[in-house]
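J.: In my numbering, the protein residues as written are 12 to 147. Ideal Cβ placement from N, Cα and C applies to all residues, glycine included.
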């Protein structure tokens, strides 16, 4: 799929401290923005934990559900709407307005696990080589 050019850096996707914590604990898995901040498979870090964008699509605000608000880290759509309106003073909720939905998840630690295994193998090899050299 062709996406528009980014309007902001992915590092700015999740910035509010409470939402950062909700993301780290897994309670937040989506972020809606007016523009594109990150593309699928792109990663970002929050407090040393890496997240990967899994999906990017547009959604009308009027099509949001309580489940969408919960994925944003809020208990209900009503609370999400109220907080958005407080954060953006003077903004009115427009059901026909659309936002880019960035879905994300914590990145699996397979790369870290592989690095650990490689380092362990190298240590074993070095230890074995040192033992062989002593025998010469």
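What span of residues does the beta strand (DSSP E) with residue 69 cover, start to end?
T.: 60-71
J.: For the putative contact between residue 113 and residue 49, defined by C-beta atoms under 8 Å, what is the C-beta separation to the nearest angstrom?
T.: In this structure residue 113 is in contact with residue 49, their Cβ atoms being roughly 6 Å apart against a cut-off of 8 Å.
J.: Just how far apart, CA to CA, sit residue 52 and residue 93?
T.: 31 Å
J.: Is residue 56 helix, strand or coil by DSSP?
T.: strand
J.: With contact counted as at least three CB pairs below 8 Å, one residue from each stretch, are the segment 67-81 and the segment 105-112 in contact?
T.: yes
J.: Within 10 angstroms of the Cβ of residue 6, are there 16 or more other Cβ atoms? Answer buried if so, exposed if not.
T.: The requested residue 6 does not occur in the structure, where the chain is confined to residues 12 to 147.
J.: Around the Cβ of residue 96, are there at least 16 other Cβ atoms within 10 angstroms (buried) or fewer (exposed)?
T.: exposed
J.: Starting from residue 42, trace the beta strand (DSSP E) both ways and give me its first and last residue.
T.: 41-44
J.: Going by DSSP, which residues form a beta bridge with residue 112?
T.: 43 and 68
J.: Output needed for residue 91: all residues of its chain with C-beta closer than 7 Å, excluding positions within five of it in sequence on either side, in chain order.
T.: Closer than 7 Å at Cβ, skipping near neighbours: 80, 83 and 85.
J.: Using a 10 Å radius around the Cβ and a threshold of 16 neighbouring Cβ atoms, would you call residue 75 buried or exposed?
T.: buried
J.: Determine whether the beta carbon atoms of residue 54 and residue 61 lie at a separation below 8 Å.
T.: yes
J.: In chain order, which continuous runs of the alpha helix (DSSP H) of length 4 or greater are located wholly inside the segment 76-104?
T.: Here the runs fully enclosed are 77-82 and 88-98.
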